[in-house]
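A.B. asks: Take this structure first; my questions come after.
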Amino acid sequence: MYILYLIIFGAWLLFTMAWQFEKVREQNKILRIINTFNILPIWTFFAPNPGMYDTHLLYRDKLDGGEFSDWDEIDVVQSRKFYHFIWNPHKRTNKLTIDAISEVKAIKNAGILKEIDDTILVNQIKFSKGYMLLLNMIFSHKKKKDTSVSRQFIVLDSTNIGGQRNLIPLFYSPFHKF
10 MYILYLIIFG
20 AWLLFTMAWQ
30 FEKVREQNKI
40 LRIINTFNIL
50 PIWTFFAPNP
60 GMYDTHLLYR
70 DKLDGGEFSD
80 WDEIDVVQSR
90 KFYHFIWNPH
100 KRTNKLTIDA
110 ISEVKAIKNA
120 GILKEIDDTI
130 LVNQIKFSKG
140 YMLLLNMIFS
150 HKKKKDTSVS
160 RQFIVLDSTN
170 IGGQRNLIPL
180 FYSPFHKF
């Protein structure tokens, strides 16, 4: 039985190592069949563009009198627990949030490169799937006060270089009525 486990896990290790190469993933039909159930991970510890920013999603309410509430942060990625390698029910929600934010960032960056007018760019972002998902997520939180009339969110990147935290605003949504 020990030999069988050794063969299975040894093959899995070899397949995983081969799966790291893009050409192998594209051209090797056998590995694609083996990976039908997504059992072969792709490790990007040393990716060409490593993550240098932490992304934050915050929202605030506009109150009836024109004042604003404080910003509240929605956890983009929840802290890992020791059991998450076995059971992590929030993994897909976290991934969906990150993908939605990435889509908003990509549309904004592409619009800046193409020098698209700001109002047109904001409208392009507002009608994207990523924006709609973020808006749904923001509005799933209850009103901060009974006098709240609309809600706004912001996507921020932050860096921590030399112990100093720098916040970089990426996108402010317009206010949306409740």
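Residues in the sequence shown are numbered consecutively from 10, following the working numbering. The C-beta atom is built at its ideal place from N, Cα and C for all residues, glycine as well.
(1) Which of the three DSSP states is assigned to Y62 in this structure?
(2) Which stretch, first to last residue, makes up the alpha helix (DSSP H) that contains R34?
(3) Let me confirm a value: R69 is counted as buried when at least 16 other C-beta atoms fall within 10 Å, else exposed. Which label applies?
(4) I'd like to check one pair, T156 with L72: are the Cβ atoms closer than 9 Å?
(5) Using DSSP's beta-bridge definition, name the partner residues of S157.
(6) Kindly give me the distance between the Cβ atoms of K6 and L130, rounded to whole angstroms, as I take these residues to be in contact under 8 Å.
(7) Grouping DSSP H, G and I as helix and E and B as strand, with all else coil, what is L67?
(8) What is the rounded straight-line gap between the Cα of H99 and the Cα of M146?
(9) Can you check whether the CB of F187 is closer than 9 Å to the CB of F148?
(10) In three-state terms, what does DSSP make of N175?
(11) Just to confirm, is the Cβ distance from L67 to L165 under 9 Å?
(12) Is it buried or exposed, S182, if we count other Cβ atoms within 10 angstroms and call 16 or more buried?
C.D. replies: On the basis of the data shown:
(1) Under the three-state reduction of DSSP output, Y62 falls in the coil class, being neither helix nor strand.
(2) Looking at the DSSP string, the run of the alpha helix (DSSP H) that includes R34 is E31 to Q36.
(3) By the neighbour-count rule (16 or more Cβ atoms within 10 Å), R69 is buried.
(4) It is a contact, given that the beta carbons lie within the stated cut-off.
(5) S157 has L72 as its beta-bridge partners, per DSSP.
(6) Beyond the ends of the chain as shown, which are 10 and 187, falls residue 6; an answer cannot be given.
(7) DSSP places L67 in strand when its eight states are reduced to three.
(8) Taking the CA atoms as reference points, H99 sits about 14 Å from M146.
(9) Cβ distance < 9 Å, so F148 and F187 count as in contact.
(10) N175 carries a strand assignment under DSSP once its states are collapsed to helix, strand and coil.
(11) Judged by their CB atoms, L67 and L165 are nearer to each other than the 9 Å cut-off.
(12) Looking at its Cβ environment, which holds 16 or more other Cβ atoms inside 10 Å, S182 is buried.
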